[in-house]
Each structure stands twice: as structure tokens, then as C-alpha cells.
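If you use my numbering, the sequence shown corresponds to residues 463 to 552, in order.
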Amino acid sequence: MQVRTDQGKYPIIIGNNTILDLGIYLKPFLINKRVFVITSNKIIKIYKKKLLRILKKNNIEVFFIVLKDGEDQKNIDTISRISNTLLKKG
């Protein structure tokens with residue numbers, strides 16, 4: 463399914479276990495086969511191993527930026543930290 467916004471369009475993938483094909487979905491958008499996953503402590507505990515396995519199988523290098531849980535993490539300091547990490551590793 464394609465979603466159109468004022469900024470452009472992007473795909474939304476709906477289905478069961480679509481995470482298993484994540485590498486296939488991402489490849490057309492990747493220039494250097496590298497992704498950054500920005501997530502929380504709770505979510506990384508659930509999905510880290512699966513994401514690593516799926517992305518490595520597709521020769522995609524993955525970096526995790528893990529934030530503390532909670533709405534209070536959505537602030538300028540967090541944006542700065544994410545930006546610095548992306549610049550250093552990007």
C-alpha cells in the first residue's frame with residue numbers, strides 16, 4: 463500500500479510476520495547496506511535478535527540507538543544524541 467503525503471509517498475507493508483522479509487523491503491532504499499534502528503529498552507529486548515538475524519542474512523549492517531522508555535525521552539537532548547551517533551557511525 464502506498465501512502466501519499468505533502469512530503470512524498472512511502473510504502474506501508476501489512477501482513478503476518480512481515481518482519482521476516484524486512485531485508486527484502488529495505489534493500490531498494492539502501493545505498494550502503496547500513497541501517498540505524500532507533501528504539502526503546504523494552505522493544506529492543508523483544509526484537510533485537512530477530513532483527514539482527516534477518517538483516518545480517520540480507521547483508522545489511524545494523525546499528526541500534528537505544529533510548530530510555532517514556533515520553534519524556536522525546537526532547538531536544540535525545541535528538542542531539544541521535545544526530546551525533548548518526549554522524550559518527552553514518
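For glycine and all other residues, C-beta sits at the position ideal for the given N, C-alpha and C.
Name the residue from T467, G470, Y472, L514 whose alpha carbon lies nearest to the alpha carbon of F525.
Taking the sequence shown and counting its residues from 1, the one referred to as residue 525 is at position 63. If we check each option's Cα against that of F525, L514 comes out closest.
Does DSSP put G485 in a helix, a strand or coil?
Counted from its first residue, the sequence shown places residue 485 at position 23. G485 falls in the helix class under three-state DSSP.
Let me know the secondary structure DSSP gives I508 once reduced to three states.
Residue mapping note: residue 508 aligns to position 46 of the sequence shown, counting from 1. Note: I508 maps to helix in three-state DSSP.
Once you ignore the five residues that flank K504 on each side, which residues in its own chain have a CB closer than 7 Å to its CB?
Walking along the sequence shown from the start, residue 504 turns up at place 42. Closer than 7 Å at the Cβ level, and outside the excluded window around K504, lie D531.
In this structure, does DSSP put K519 in helix, strand or coil?
Residue 519 sits at position 57 when you count from the first residue of the sequence shown. The answer is helix: DSSP assigns K519 an H, G or I state.
Please list the terminal residues of the continuous beta strand (DSSP E) segment that includes K550.
If you number the sequence shown from 1, residue 550 lands on position 88. No beta strand (DSSP E) contains K550, which is instead part of the alpha helix (DSSP H) from 538 to 551.
For I516, count neighbouring Cβ atoms within 10 angstroms of its own Cβ and tell me buried if that reaches 16, exposed if not.
By 1-based counting over the sequence shown, the position of residue 516 is 54. Buried, by the Cβ-count rule.
Own chain, CB closer than 6 Å to N520, minus 5 neighbours either side, in chain order
The residue you call residue 520 lines up with position 58 of the sequence shown. The residues are G485.
So, S502 versus V528, is the Cβ gap smaller than 9 Å?
Your numbering for residue 502 matches position 40 in the sequence shown. Your numbering for residue 528 matches position 66 in the sequence shown. Yes. Within cutoff.
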